[in-house]
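In the working numbering, the protein residues as written are 716 to 1472.
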């Protein structure tokens, strides 16, 4: 300390003071503190122990900062004196630092240049070339007592050495603009410069980084996951259509036959919200009113002295669920006039979101006319002029009321043009995809007739049979059974409106009992609602039923509704073999239906499958006692005249293995033909060619993708475990939205209905 102008060796200093002095030395050498600041802090520390320090001239202290030879020589003998040291003092001893400072002093002594007082470290002047191997047995100098004699650097700076001072950095200084500056700086200064260079806000792309993407990338497939082990499946062919049966040549020919030969036979009975029959449409009235509508559409509607419609034009059918009779008249009237009906729901408001999607479909189909009833038209939103308002997204359409008084009677010599329509489009049925878009599926006259024949053979329909229909008669199974197949077989349909089901869930069961219906068409929800209201009802009987067709029998939770319904109503005449689940889709229409034993169907089957296996697309039988299983029921055999196979969900449609879940595809004359106006996706869905593992096509006829996920079980029975629209891919595993819903319902008090999950 003699170089600071005071013999500190004679003054006993505490360890904490010596530690503070050492830190000041380091800060000064690293450039973190100025010379003036150093002298001020040092004087404050030593003022208590050296009274004479107060009288020293600050100018002498400043001049003593670059030590001369005399000061260095005076300090040398004092270094040989032993002083007590502590373990904390050892942290600030560094031979590398001391030797570097000594070398810098010697270099500046030779050049006789003033020491730099700003932030440049003396360590930068010790080059690697001048360093010599160190003597490791020598004691390191004490930097707290002085600089000692100048010496060369005896240790490479790059080598990691214990005791290197805090804040030592070997990097070069960079300004805020990124320009390198020759010299070495402390870590605090470099940290400040790095902060200035860092942008205030992160790049825009960093705001949209999804952490889940990183998680999905690092996921590796489980080596122990189940994999399909069965052999490659073969195409399953249904039974052929019965030959020699006296089928009508067309649906319209059947309507004309029953309308003229059996005019008083009941065709359709509509129930009101109280469960009473409000109106019964006979086959004679259906034929005559359909002729009136066809004549009116072709001859009484003009636009600028030209017919408003010509054969092949599309016409919208806007009818409520409470008026099936007028819908049937409008549907067959369009067929007789060679027009294409497009059934749709009644728009509720001008800006209905669902109506906008339907409006887009109507615009793409070029619809210019909408048919409705007088009561329905009065309930539609009106414009200030009193006419029906233009709905958002809809094309401009004219409205025609099809009640009897608004139709013109055709001349006796007038005949409808459509007698044998052939392969033209019969009607367009709308479908809403999972993205919310609405597409129109075209069904040809040939497919319509083939569907009616296949359902007649599969369900064993006969003339004058009564069918209770709880479904929507404008689309899906409600249209196929309750409007089309029923007419070709001269059946009597009792239509139960949805409003009646909400008021009285047992109304359809009462209808079956009172009309002695042989067939009933329901969904699992209708069976579930009737369970809640069946207590106290003793005067109903279901013994007349030979088929209870469950239209959504492909849903995973429908098996619970079927079992619970059978347990509740078996004492009232319901037989177990009567319950017949079926599977269908808008593109493929009816795919499979379970048949009673008297129609040659095998006994029903259930499958208890592992949910873990299904998540990997593999079928593994499990026990029903577990909660991680899915219980499904068969949906019967393939409809007559159809061929079915199961293909992989993604990529090339390779045939699946026998224990693998895939998408069911159907090749038949009973399916839809195309998405109206959408040629691209039409080819992918309606013209699929399944191939074997070797790449060979399985048939020379195209297949239609059904959107149903399942497999073929024993006795050639079809099992469905979900839908492609509800498939969720999480990592490499599959999860069905239907199973998520069923799992949520399983924790409710009504879990006895949805058992199995």
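Glycine included, every Cβ here is placed at the ideal spot set by N, Cα and C. A quick note: this is a predicted structure, and the numbers were derived from the prediction, not measured.
Please report the distance separating the alpha-carbon of residue i from that of residue j.
i: residue 1397; j: residue 1359; result: 19 Å
i: residue 1392; j: residue 1022; result: 24 Å
i: residue 1160; j: residue 942; result: 44 Å
i: residue 838; j: residue 741; result: Confidence at residue 838 is low in this model, with a pLDDT of 41, below 50, so the placement of that residue should be treated as unreliable; the coordinate-derived value is given next. Roughly 12 Å between the two C-alpha positions.
i: residue 1005; j: residue 1445; result: 53 Å
i: residue 991; j: residue 1080; result: 38 Å
i: residue 1051; j: residue 1205; result: 18 Å
i: residue 1304; j: residue 1100; result: 43 Å
i: residue 1343; j: residue 971; result: 56 Å
i: residue 1190; j: residue 938; result: 46 Å
i: residue 1515; j: residue 967; result: Past the boundaries of the shown model lies residue 1515; the chain is included only from 716 to 1472, so the question cannot be answered.
i: residue 1280; j: residue 1320; result: 17 Å
i: residue 1430; j: residue 1311; result: 14 Å
i: residue 790; j: residue 755; result: In this predicted model, residue 790 has a pLDDT of only 38, less than 50, meaning its place in the structure is not dependable; the value taken from the coordinates is given anyway. So the alpha carbons of these two residues sit roughly 22 Å apart.
i: residue 954; j: residue 1308; result: 13 Å
i: residue 1018; j: residue 1057; result: 21 Å
i: residue 785; j: residue 901; result: In this prediction, residue 785 has a pLDDT of 40, which is less than 50 and means its spatial position is unreliable; nothing more can be read from the coordinates.
i: residue 1423; j: residue 1406; result: 19 Å
For residue i, name the three-state secondary structure that DSSP assigns.
i: residue 1473; result: Nothing about residue 1473 can be reported from this structure: the residues present for the chain run from 716 to 1472 only.
i: residue 1444; result: strand
i: residue 1205; result: coil
i: residue 948; result: coil
i: residue 1405; result: coil
i: residue 1400; result: helix
i: residue 1196; result: helix
i: residue 1484; result: Lying before the first or after the last residue shown, residue 1484 is absent from the chain, which here runs from 716 to 1472.
i: residue 1129; result: coil
i: residue 1390; result: strand
i: residue 1435; result: strand
i: residue 941; result: coil
i: residue 903; result: helix
i: residue 1370; result: strand
On the DSSP letters alone, give me the boundaries of the alpha helix (DSSP H) that residue i sits inside.
i: residue 1170; result: 1160-1174
i: residue 1025; result: No alpha helix (DSSP H) contains residue 1025, which DSSP labels as neither H nor E.
i: residue 998; result: 998-1014
i: residue 962; result: Segment: none, residue 962 is in no alpha helix (DSSP H) and carries neither H nor E.
i: residue 751; result: 750-761
i: residue 1034; result: It is not in any alpha helix (DSSP H) - residue 1034 carries neither H nor E in the DSSP assignment.
i: residue 1115; result: Here residue 1115 belongs to no alpha helix (DSSP H); instead the beta strand (DSSP E) covers 1113-1116.
Tell me whether residue i is buried or exposed, calling it buried when 16 or more other Cβ atoms sit within 10 Å of its Cβ.
i: residue 948; result: buried
i: residue 763; result: exposed
i: residue 1340; result: exposed
i: residue 751; result: exposed
i: residue 1041; result: buried
i: residue 1355; result: buried
i: residue 1242; result: buried
i: residue 1163; result: buried
i: residue 1244; result: buried
i: residue 1178; result: exposed
i: residue 1154; result: buried
i: residue 1093; result: exposed
i: residue 1003; result: buried
i: residue 1064; result: exposed
i: residue 1443; result: exposed
i: residue 1336; result: exposed
i: residue 1011; result: buried
i: residue 1207; result: buried
i: residue 1368; result: buried
i: residue 907; result: exposed
i: residue 1272; result: buried
i: residue 945; result: exposed
i: residue 731; result: exposed
Could you give the first and the last residue of the continuous beta strand (DSSP E) run that contains residue i?
i: residue 1382; result: 1377-1382
i: residue 1426; result: 1419-1427
i: residue 1184; result: 1181-1184
i: residue 1143; result: 1140-1147
i: residue 986; result: 981-986
i: residue 1056; result: 1055-1059
Is the shortest distance between the beta-carbon of residue i and the beta-carbons of chain B less than 7 Å?
i: residue 1410; result: In the structure shown, chain B cannot be found, because there is only a single protein chain.
At which residue ranges does the stretch 1299-1356 contain complete alpha helix (DSSP H) runs of 4 or more residues, listed in the order of the chain? 1326-1330
Extract the residue ranges of the alpha helix (DSSP H) inside the stretch 1077-1103, only unbroken runs of 4 or more that lie entirely within it. 1089-1094
Which ranges would you report for the alpha helix (DSSP H) in the stretch 1227-1291 if only whole runs of at least 4 residues count? 1239-1248 and 1273-1284
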